[in-house]
Structure formats: structure tokens, C-alpha cells
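Engineer: Top to bottom, those sequences are chains A and B.
Heads up: the first sequence runs through residues 489 to 1321, numbered per my numbering.
Heads up: the second sequence runs through residues 95 to 318, numbered per my numbering.
Positions of the beta carbon are idealized from the N, C-alpha and C atoms, including for glycine.
The structure presented is a predicted model; accordingly, all values stated were derived computationally and were not measured.
Below is a structure I'd like to ask you about.
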Amino acid sequence: MKLRLLALSSLRFYRRHPWQLLLAVAGIALGVAVFLGIERANDSARRAFDASSTAAREQTTHRLLPVAGLMPESHYVALKRDRRYVDSAPVLEVPVTLSRAGGPPVDVTLEGVDLIEETTVRGPRGAIAGGDPARLLTEPGAILADDTIAALFEVSAGETLTLRAGGETHEVTVIGTIADAAGSPRLVADIATVQELGGLPGSLSRIDLRLDPTAAAALADALPAGTVLVPAAAEDQALRQLTRAFNINLTALGLLALVVGMFLIYSTISFTIVQRWRSIAVLRAIGLDRRELLAKLLGEALVIGIAGTLLGLVLGRLLSAGLLELVLRTLDDLYFRRALGAAEPSGLLYLLSAALGIGATLVSALIPAVLASRREITSSTRSRLERGARTLARRFALAAVPTAVVAVVIVRLSESGLWPAFVALFLVLVAGAMLVPLATHVLMRRLERPVARLAGLPGRMAVRGVTDSLSRTGVAMAALVVAVATVISIALMIASFRASLIEWIDTTVTADLYVDIDPGWAGEIEPALAAIEGLPDVDGLSRMRLARITTANGELSLRAQMPGPEGYGVDVVEPASAAAETLLAGDDTLLMAEPLAYRLGLRAGDALELPTVGGLRAFAVAGVYRDYNTAGAELTMALQTYRRAFGDDALTSIGVHVAPGADERGLAAAIRDELGPERPTRIRSTSFIREVSLEIFDQTFRVTEVLRLLAGIVAFLGILSALMALGLEREREFAVLRSLGMSVRQLFAQNLAQTSLLGLAAGIAAIPLGSALAWLLVHVINRRSFGWSMDFVVSIDAMLAGVGMAIAAAALAGIYPALVGARADMGLAWRDD
Amino acid sequence: MTESLGIELDSVCKSYGTQVVLDRAAASIAPGEFVAVVGRSGSGKSTLLKLIGGLMSPDSGSIRHGPHELARMSETELTLFRRRELGFVFQFFNLVPTLTACENVQLPLALNSMARPKALERASTLLEQLGLSGCADRLPDELSGGEQQRVAIARALAHEPSLVITDEPTGNLDLETAGEVLDLLIESCRNHAATLIVATHSRDAAARADRILRIVNGRLEPIA
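Right, dumping it as C-alpha cells:
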């Protein structure tokens, strides 16, 4: 009976205030939806990555790789003779360019395989549509195209494709299509066909092996010259680390949305308690004990939590489809360079999201419910409530200091690890939120006189309205500050990153033109390069060889360079202000990119072992340089050092330093002439590289834009909820003001001014908090996620945009309550509460 | 000071749904007159005051303040009319909680665009006259009920309106304070030559009026 009556009273309260219920449900629903959406997208991407790498490896346990370039086919023949290594399959991968009428050329991989060994070592490749694979062996120029290429070029079995490989153009016949199981878009052919098309007779990229541990150990002890044996899973490790960092960053953003949702619940429950305090006091006076009151309030929160969570699960499922597209595109573009497809995420995520949603609601409701159950029955006057709120605000402000100190201690004590960094970030956020009510009070006190001078008594009322409703608006303000600070911090981080990236590109891209050099031109190319160097518009050349070196730490990319007139073009950060030319002058020295140095825990002065033609050799890490290109060189060394160590004299590209005022187009044509028609190549200008880099950069942060918007919506709902409730509470005051002759427009303007002041206060408070968060993002989170260091840029634009967003959110949220208030029924002035 | 206006109510009808509250109510109130409106709870006293104050419109009939026919006035004109000509004193005081006593009194003056120093001087004088000079800087919830109602009277008279409308101005006060407040209200209105209309259950308050109107079955009947 008692429970029924209590439930009825709650039900009727919310029936009278449906928008309040709706906003509370919407707040938690959005929080859950954003979290679930992100986690589903993350989980799906993770599974797609796993499926992709497993498909690439299939049954392969190890790979025999050349130290640099390609390996001779004779290694494979020798292996096959040994019964222990009989399960082996040769692979030759050649980058080719497919051309089509009316569209740009497309770079794809032509993979040569031994069809007979394929199934033994790597397992069945999957269904082949439209043709008999045996034709790959018997027909010259026969290939299989994957579904992506088949769709892009609109080819089916029996049709031809034109490709460029090894500097020549070839016509190949598509005999069937295969599913896009793994890797970038690819064509598959018999290995002999690929060797012929690529002009690489007798060469292999690698040998895939299926080895038991004994055989693997034996082979490791007797490796063919210039090769290295690696477990097939090793090369995924670095990528896995990067994607894990990316996933954790997204998860943290999702959790942030949930935290903002929690503020909303806290705010709503607090507000409904304040609104109903008289009836609550009556219930307490007639015998409802503290525990029963607590149960009643938590019961309401539970129902709101369940409703919001269920709605959030549905919204999250819809949201994840859009987010997944963005996440996959980012991961695909930046890290994998494989065609990733979506995978169905785990159903457990729904349970986790539901538990988090309901749990977060109960936790958020607990504090106001406990405070209400402990409050004296007679403490119902507004001034007492506000005095209580101000005392609480001071206590929160005091508690913010140790909270921030704990955050600093966590960052200091944990040298690496992303989760401690995020815990510290959240603690700073909470500390900032705790300071908001007191900061608002102080700020409004300061603003009162100037505003009153400008806008008279109505202005003074607007300012006082903010301070005198701290018990109602404090938490909503904190939610708005948290959301705006997050937006400011991400904007500052992106501005810092962008500025550092532009500076890095300017340092790194020293040449004006980059000319691709086919590694197959090794040796014979030097006279042509000398001729290019002698062209009147050329100030100098830099020569580069990009290679992938297989090490105990996985496969690393190495750039060997003979610098041009502007040096190596690396931004050395350790030792400070050291020149790359000096650091690389010694024998067996190299420079290491920051992300790799961070991942391996190495610093300048340490050593790194690399497998050279003469066996494993320790190279001194002479310095560490900044590198934001996830697909870029992780190691840089002098070209002479590389050639001595790896016996590879091929080049991958040259950088052309153009004389000032020279015509780049004309020079590009002259370079093509010097290379001759038999060596067609691609020439890129620096501006193109900069453009592409910034495009990729912007693509990376598109996901955060969506999440920022969602966090903003949750905060907007929070402030709307508070303002609606506040407006309702002040209806009688509005009626009195209207009776006294205040016009609808004046009252509307006053209400709007008040909500805009709330927004202004939130925006101002968000600047220091956002800056602190941005500092953590730049110097701790990014460092621990990706190993990147960057300069912190104080962007006034980002800060002002944040303040503008806060004012706009509060003003927008204030329009409807202001309208309702301005049109208040003047008859209300005649009635009691 | 605004010259007081006579009030004419002619066949005023007002219903809430099927409930008829005023049925062809008619009355004339002379400028500067003190009229008490009495009647049972729910008889329509508050509705009558709201109609006279232009806070709501009658279903039919007309209400005139001197030359001004309320039904013909736009929302903006009504707002300006209330701002200049009317003062209200409510049963529950209804002071603006975020303004001090002095600022509450200044509010109608500010709405009428009086310069701040002049408004401050006028509010201080009124508060002093009402014995509240020590309370000027206090917020409403720091004042007693009697003090709050006196501030409300000061606010109602600050801009020297031609008509003061009050609904149970002493209904929330003890007997002694109620008497004091009523004295102040009547005296202040007389000093300002303002018409005073009081809706009340109090016989004492009604007895002090120039004239008593009783609402019976929606009609206004004079009590001799």
C-alpha cells in the first residue's frame, strides 16, 4: 500500500512534468547510444582487423623474408629439398598500376603464388567465381581479380585489363574473380606470370612456411644468406598497438559522453527533489523514514535509467553504423592500407552498455538522493537551500584541489600506459566540474555591477538569477562546462597537432619535386641522375631508398638517404638542436622515429640490432626525430651506411631541389626526357604532398568531430533540462513581473540574457579546464597512444569558438523556457505554490 | 502623480469552462475611491481584480478606465497601461526574490524609465515612510511577512499609479500586523489620491472602505 502510494506520487509528478522526464531519459539514452555506437564500431573494426590478418596469414606460421629488396628463387628450391620445410609456398608481390579510360590510374598489388603449394601452406583461398584456376598455369597473362577491382573496372571473366609493371605496359586476361579476403585490392596470378610481368625473373618477395617449433628453430639456425625468419603474427604487433591506442581514444570519448549523461541525471534528480521538497518534507513529517525516501528516489532513477538505457541501445545500434564507416575509413587509410570490411560486433556489448547505463544512472542519482534523505525536514526555504548550495559549492571547490593533485600523481607515477592517463584526464575533468559552481558564483558577483550599469535593474536581476539558482543550475552548468572544455581541448589538441604537422612537413619535405625510381633501374640510373643534376633549373638532388627490414621487433621501415642541399629533412628532437648530418656522419649510426623509439623504449645513445648481409649488427641510435606519418620511415640512415650494411644499391625515389623561379612543369618534362621513354615515372610536387597529408590529417579527426557534436547535444539537453525546470519554478515571479508592466519582449530578453550569462560563465570556466585537458592530450595521451610529441599551441580561435558554443548552447536551450516564462499566466501571481 | 481614473464595468461575463464566475457584473468606481470587494471563496473576487487589472479578458462586456476601453487595447498597450497606471499588492507578497527590498521598490520605476538616482531616492523615501529604512538592502526571504507586505505596498505605490489593486493584502499576516499594513495601504493611497480596490474576507478591512461590493451569483451588489 505504502509503496503503491509512493510510486503513484512519483508517477503523477513526472506525468505533470513530462519534458523533465523526457530530458532525463534522453540524456542517459544519448550517453548509452554514444558509448554503444563507439564500442560497436570499435569492436567491429577490431574483428575486421583480426579477420583480415588471419586471412592474410591463414595457415602460415612463419615467413622467410629478404633482409632488403627481393630474394633469389634458389632459396625456395633449397628449402623444398629439405623434408622439414616441405610445407612452403613462394610469393612475389609487385606493385602495379591499372589504367582505365576516363579515370585516374589505380595502384594495386599483383600477387604471384604457386597454386599447388598455396592450399597446403595457406589453406584454401576461397571461392573463385567464373573460371578454372588451372588456367593461371596454362595461359600466359591469366589473372584473378578481386571483387573490388572487378567492380571498379567493371570486368568479368574473359575480359582484359591494362597494367603497368616493371616499366612496361601489359594486357592481362581476367579468368575469374575472388573475394576481397585480405589486404589491399589485388590481382593474383601464377608466380611465373608475375615474375615475367614485373621483369623480375627468379625473384621472390617471401616464402610462407608452415613449421613446427623444432623445424622453425632449425631453420632459424641455418638461414639462407640475406634472409630472416619471422613468426607470421609478428608484423601485426605494431599495427595492433596503434589500433589499440586508437580504440582506447574512442572508448574514452564514448565514456565521456556517458559521464556528461550522468551529470544530466544528477541534475534532473537534484532538480526534482528541490521542486518537490515541500511534498517530500510533508511525507517525512508524517512518518516516511530516510531509508524509504532514499528507496523512492532511487526507484525513480532506476525506472528512468532502464527507459533511457533501452532507448540508448536502439539509438546506439543505429549510430554505430555511421561511426563504423568513419572508424574503418580512418583505420584503413592510416594504418592498415587494407580493405577492411565490417564484422558483426559482440552481443556482450549490449549487456555492458545496459549495465553501464543503468549503473551510471543509479550512481548519479545516489548523491542527491542521499543528501535529500539526510536533509532536515524544516529546511525548505529557498534562501536556506541556496545557502546550502553555496556551502556545497565551496566544499566541492576545496575537494577539487586534492582531486587534481591525484591526477598529477597518477601521470607522474605511470610513465606509460594509456588507461592511467585517461583516469588522470577524467580526474582533471571532475576537478574542473567541481570548481564550476563556486567559479560561477564568483564570476557573477564580479559581473553584477557592470551589467547593472549597462542594463539597469533587469540586468541585475538576470545576473542575480544565476547566482541565486545555484542549487538548480550548478550541476547543469558543470555538465555544460565539461562538454565545452572537452570541445576546447580537442580543438586545441588538433590545432597543436596541425601546426606541428605543417612544421614537420616543411622540415621533412625539403625537395620541390619527388621522382619515383623503379628499384629495377639500380646501377644503370646513375648517368641519368647525373644529367638531371646538371640541368640548369636544378640546385641539387637527394637520393632515397625505402626498404623494409625484418627485425626481432617486427618489420621496420627504413629510409636510406643521400641528402640534397637542404639536408636530411628530419626534425631531430633528441638530442635537442642536433643536426641530422652530424649525427649520421659516423659508421653504423641511424636515427629513429619518435613513435618507434617510444614503442621500443629506446633513446638517443641506445643501440638497435638489424639483420645485415653480414649477420646481426648493432647500430647506434644517434638521435630521435619527429614523425607523424604512420606509414613513414621508422629508421633513417645515410645511404652509404645502408648500402654497406645491406648490399642493396637500388633507389626508390629522388628529391629534386628546384632553382628559385624555375618552372616546375617544364623541369618535370626535362626530367622525363633525361630518364628516357623506357623509364616512365611519377613526379610529385611538394604542394601535392602537403595537400594530401593535411587531407589525411583532417580525415583522421572526422570521428572526433561527430563525437564532439554528440557530447555537445548531451550538454545542451542538460542545460535545457535545468532551464526548463528553473523557468517552471519561476513562473509566479514572471507573472508578477508581467503584472508590474514588464512586456513579453522585456521578460523574454531578460530570461535570454540570463541563460546567455550562464553560457558565458560556462564558456569562461571551460577555457582553463579545456587548456589543462588539451595539455594532457598533447603531452600525455598522444605521446602514450602514438609516441608523437608536438608543440602545444594556444589557439585563441579555438577558445573563443568554445565560449561561443557555450553561449549558443545555453541561449538556444534558453529560448523555449524564456518564451514560456515570458508568456506566463499572470493569474499565477494570485496563487500560492 | 497620475490623475485617478474612474472605472466602469458593464455587463462583464467570465466563465471557466462550464463554471460561470461573473454574470453581467456591473459597477462604477469613482476616482480616488476605496472599494472593498467581498464574497465567498470561489465567488470570483480574484477574477474580478484580474479583469480590472487587464491581466485577463472578459468573455463579454466592457471594462473602462476613464477613456480607456481595456478590450480595445493591444497586448503592448495593456502592458504600458499596467506599467503606468496600476499597482498590485498580492496576498503572498510576491516580491522578486533576487532583488533587495529597495530594488523591488525601484523595479516599477525602472520599467517606467526613471533615472537610477531618482528611482533610488524615491524608493528610499517610500521605504522610510513605511518604516522600512533599515531593511532596504535585505532580500525578501530575510524579511518578516509584515515587512514583505509593506515592501509590496511601497512597490505598488512607487510609480504613483492611479489605481492600486490588492487581493487579500492582510490574509497572510497576524491580526496586529494586518491592521498596521492596512492602515499604511489606505493612508498611502489617500496621500497619492489613488483609487484602491481590495478583495478581502476581513470584515475590519471591508468596514474601512468607502464602499463595499459583494459578489453574489456572479453579480456585483452594493452593501449599504
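Under 8 angstroms, with one C-beta from each stretch per pair, do the segment 227-240 of chain B and the segment 188-205 of chain B reach the 3-pair mark?
Structural biologist: Because the criterion of three Cβ pairs below 8 angstroms is met, the segment 227-240 of chain B and the segment 188-205 of chain B touch.
Engineer: Is the beta carbon of A881 (chain A) closer than 8 angstroms to that of L926 (chain A)?
Structural biologist: Within the first sequence, the letter at position 438 stands for residue 926 (chain A). Within the first sequence, the letter at position 393 stands for residue 881 (chain A). Yes, they are a contact pair.
Engineer: Is any beta-carbon of chain B found at less than 8 angstroms from that of G829 (chain A)?
Structural biologist: Counting from one through the first sequence, the residue named residue 829 (chain A) turns up at place 341. Its pLDDT being 49, under 50, G829 (chain A) is placed unreliably by the model, and the measurement read from it follows with that caveat. So no, G829 (chain A) is outside the interface.
Engineer: Apart from the five residues on each side of it in sequence, which residues of its chain come closer than 6 angstroms, Cβ to Cβ, to A979 (chain A)?
Structural biologist: Residue mapping note: residue 979 (chain A) aligns to position 491 of the first sequence, counting from 1. Cβ neighbours of A979 (chain A) beyond the five flanking positions: A1286.
Engineer: What's the call for Y110 (chain B), buried or exposed, on a 16-neighbour Cβ count within 10 Å?
Structural biologist: By 1-based counting over the second sequence, the position of residue 110 (chain B) is 16. Exposed: under 16 other Cβ atoms inside 10 Å.
Engineer: I'd like the list of long-range same chain contacts for Q242 (chain B), defined as Cβ closer than 8 angstroms, with 5 residues on each side in sequence excluded.
Structural biologist: Position 148 of the second sequence, counting from 1, holds the residue named residue 242 (chain B). Cβ neighbours of Q242 (chain B) beyond the five flanking positions: F187, L189 and P234.
Engineer: Pull up the distance between the alpha-carbon of P612 (chain A) and that of L603 (chain A), whole angstroms please.
Structural biologist: The count along the first sequence starts at 1 and reaches residue 612 (chain A) at position 124. The count along the first sequence starts at 1 and reaches residue 603 (chain A) at position 115. Note that P612 (chain A) has pLDDT 44, beneath the 50 cutoff, so the model's placement of it is unreliable and no number is given.
Engineer: So, with DSSP's three-state summary, where would you put I1005 (chain A)?
Structural biologist: Your numbering for residue 1005 (chain A) matches position 517 in the first sequence. Looking at I1005 (chain A) - three-state DSSP - the assignment turns out to be coil, as it is neither helix nor strand.
Engineer: Could you work out which residues of chain B lie near G1215 (chain A), taking near to mean beta carbons separated by less than 7 angstroms?
Structural biologist: The sequence position of residue 1215 (chain A) within the first sequence is 727, counting from 1. Near G1215 (chain A) there are no residues of chain B at all, since even the closest Cβ is about 14 angstroms away, more than 7 angstroms.
Engineer: Can you give me the C-alpha to C-alpha distance between L307 (chain B) and A1294 (chain A), rounded to a whole angstrom?
Structural biologist: Here the question's residue 307 (chain B) lines up with position 213 in the second sequence. Here the question's residue 1294 (chain A) lines up with position 806 in the first sequence. About 55 angstroms.
Engineer: Pairing CB atoms from the segment 784-799 of chain A with CB atoms from the segment 847-855 of chain A, are three or more of them under 8 angstroms?
Structural biologist: Judged by Cβ distances under 8 angstroms, the segment 784-799 of chain A makes contact with the segment 847-855 of chain A, as three or more pairs qualify.
Engineer: I516 (chain A) and G742 (chain A) - do their beta-carbons sit closer together than 8 angstroms?
Structural biologist: Start at 1 with the first residue of the first sequence, and residue 742 (chain A) comes out as number 254. Start at 1 with the first residue of the first sequence, and residue 516 (chain A) comes out as number 28. No. Outside cutoff.
Engineer: What residues are listed by DSSP as bridge partners for Q113 (chain B)?
Structural biologist: As a working mapping, residue 113 (chain B) is identified with position 19 in the second sequence. B:Y110, per the DSSP bridge assignment.
Engineer: How many whole angstroms separate the CB atoms of L257 (chain B) and F128 (chain B), which I take to be in contact at a CB cut-off of 8 angstroms?
Structural biologist: Taking the first residue of the second sequence as 1, we reach residue 257 (chain B) at position 163. Taking the first residue of the second sequence as 1, we reach residue 128 (chain B) at position 34. 11 angstroms between Cβ atoms; not a contact.
Engineer: Identify which residue in A:G714, A:D1313 and A:A703 has its Cα closest to the Cα of R1220 (chain A).
Structural biologist: Residue 1220 (chain A) sits at position 732 when you count from the first residue of the first sequence. Closest by alpha carbon: A:D1313.
Engineer: Taking only beta-carbon atoms, is T192 (chain B) less than 8 angstroms away from chain A?
Structural biologist: On the second sequence, residue 192 (chain B) is found 98 positions in, with the first residue counted as 1. So, interface residue.
Engineer: Count the other CB atoms within 10 Å of the CB of T657 (chain A); is the residue buried (16 or more) or exposed (fewer)?
Structural biologist: Numbered from its first residue, the first sequence carries residue 657 (chain A) at position 169. Result: exposed.
Engineer: For G136 (chain B) and I309 (chain B), I'd like the C-alpha separation in whole angstroms.
Structural biologist: Counted from its first residue, the second sequence places residue 136 (chain B) at position 42. Counted from its first residue, the second sequence places residue 309 (chain B) at position 215. Distance between the alpha carbons of G136 (chain B) and I309 (chain B): 10 angstroms.
Engineer: From A301 (chain B) to F1204 (chain A), what distance separates their C-alpha atoms?
Structural biologist: Here residue 301 (chain B) is taken as the residue at index 207 of the second sequence, counted from 1. Here residue 1204 (chain A) is taken as the residue at index 716 of the first sequence, counted from 1. Spanning the two alpha carbons is a distance of roughly 57 angstroms.
Engineer: Could you pull the DSSP bridge partners for Y1113 (chain A) from this structure?
Structural biologist: To locate residue 1113 (chain A), count along the first sequence from 1; it is residue 625. Answer by DSSP bridge pairing, in chain order: A:V1060 and A:A1081.
Engineer: Where does H550 (chain A) sit, in a helix, a strand or coil, going by DSSP?
Structural biologist: Within the first sequence, numbered from 1, the residue matching residue 550 (chain A) stands at position 62. Note: H550 (chain A) maps to strand in three-state DSSP.
Engineer: Measuring alpha carbon to alpha carbon, tell me which of B:T264, B:M150 and B:E315 ends up nearest T294 (chain B).
Structural biologist: Numbered from 1 along the second sequence, position 200 holds the residue referred to as residue 294 (chain B). Closest option to T294 (chain B), Cα to Cα, is B:T264.
Engineer: In this structure, how does DSSP classify M1293 (chain A) when only helix, strand and coil are distinguished?
Structural biologist: Taking the first sequence and counting its residues from 1, one reaches residue 1293 (chain A) at position 805. DSSP places M1293 (chain A) in helix when its eight states are reduced to three.
Engineer: Please report the straight-line C-alpha distance between L675 (chain A) and I631 (chain A), rounded to a whole angstrom.
Structural biologist: Taking the first residue of the first sequence as position 1, residue 675 (chain A) is located at position 187. Taking the first residue of the first sequence as position 1, residue 631 (chain A) is located at position 143. For L675 (chain A) and I631 (chain A), the distance between alpha carbons rounds to 6 angstroms.
Engineer: Can you tell me where the beta strand (DSSP E) with A639 (chain A) in it begins and where it stops?
Structural biologist: Looking up residue 639 (chain A) in the first sequence gives position 151. Counting along the chain, A639 (chain A) falls outside any beta strand (DSSP E), though it belongs to the alpha helix (DSSP H) covering D635 to F641.
Engineer: Between C107 (chain B) and the rest of its own chain, which residues show a CB-CB distance below 7 angstroms, the 5 nearest in sequence each way excluded?
Structural biologist: Within the second sequence, numbered from 1, the residue matching residue 107 (chain B) stands at position 13. Within the same chain, C107 (chain B) has close Cβ partners L116, D117, R118, P152, D153, S154 and G155.
Engineer: Could you tell me whether the segment 701-720 of chain A touches the segment 633-641 of chain A, using the rule of 3 or more Cβ pairs below 8 angstroms?
Structural biologist: These segments do not touch.
Engineer: In terms of residue numbering, what span does the beta strand (DSSP E) encompassing F182 (chain B) cover?
Structural biologist: What you label residue 182 (chain B) is simply residue 88 of the second sequence in a count that begins at 1. Where F182 (chain B) is concerned, the enclosing beta strand (DSSP E) stretches over L180 to V183.
Engineer: At the level of alpha carbons, what is the spacing between A1066 (chain A) and R1091 (chain A)?
Structural biologist: Sequence index remark: in the first sequence, residue 1066 (chain A) carries index 578 (1-based). Sequence index remark: in the first sequence, residue 1091 (chain A) carries index 603 (1-based). C-alpha separation (whole angstroms): 14 angstroms.
Engineer: Where R313 (chain B) and E254 (chain B) are concerned, what is the direct C-alpha to C-alpha distance, given to the nearest angstrom?
Structural biologist: Reading the second sequence from its first residue, position 219 is the one you call residue 313 (chain B). Reading the second sequence from its first residue, position 160 is the one you call residue 254 (chain B). Roughly 31 angstroms between the two C-alpha positions.
Engineer: Report the CB separation of T550 (chain A) from A704 (chain A) in whole angstroms; it is logged as a contact under 8 angstroms.
Structural biologist: The residue you call residue 550 (chain A) lines up with position 62 of the first sequence. The residue you call residue 704 (chain A) lines up with position 216 of the first sequence. It is His, not Thr, that sits at residue 550 (chain A) in the sequence shown. That pair is a contact at about 6 angstroms.
Engineer: Using the beta-carbon count (16 or more within 10 Å), is I1269 (chain A) buried or exposed?
Structural biologist: By one-based count along the first sequence, residue 1269 (chain A) stands at place 781. Buried.
Engineer: Nearest CA to the CA of E599 (chain A): which residue from A:A566, A:P673 and A:L567?
Structural biologist: As a first step, residue 599 (chain A) must be located in the first sequence, where it is residue number 111. Of the candidates A:A566, A:P673 and A:L567, the one whose C-alpha sits nearest the C-alpha of E599 (chain A) is A:P673.
Engineer: Buried or exposed for V897 (chain A), please, with buried defined as at least 16 other CB atoms from any protein chain shown within 10 angstroms of its CB.
Structural biologist: Mapped onto the first sequence, residue 897 (chain A) falls at position 409. With fewer than 16 other Cβ atoms within 10 Å, it is exposed.
Engineer: Any Cβ of chain A within less than 8 angstroms of the Cβ of Q200 (chain B)?
Structural biologist: Sequence index remark: in the second sequence, residue 200 (chain B) carries index 106 (1-based). Cβ-Cβ to chain A under 8 angstroms: yes for Q200 (chain B).
Engineer: For L189 (chain B), name the three-state secondary structure that DSSP assigns.
Structural biologist: In the second sequence, the residue the question calls residue 189 (chain B) occupies position 95. Coil, per DSSP.
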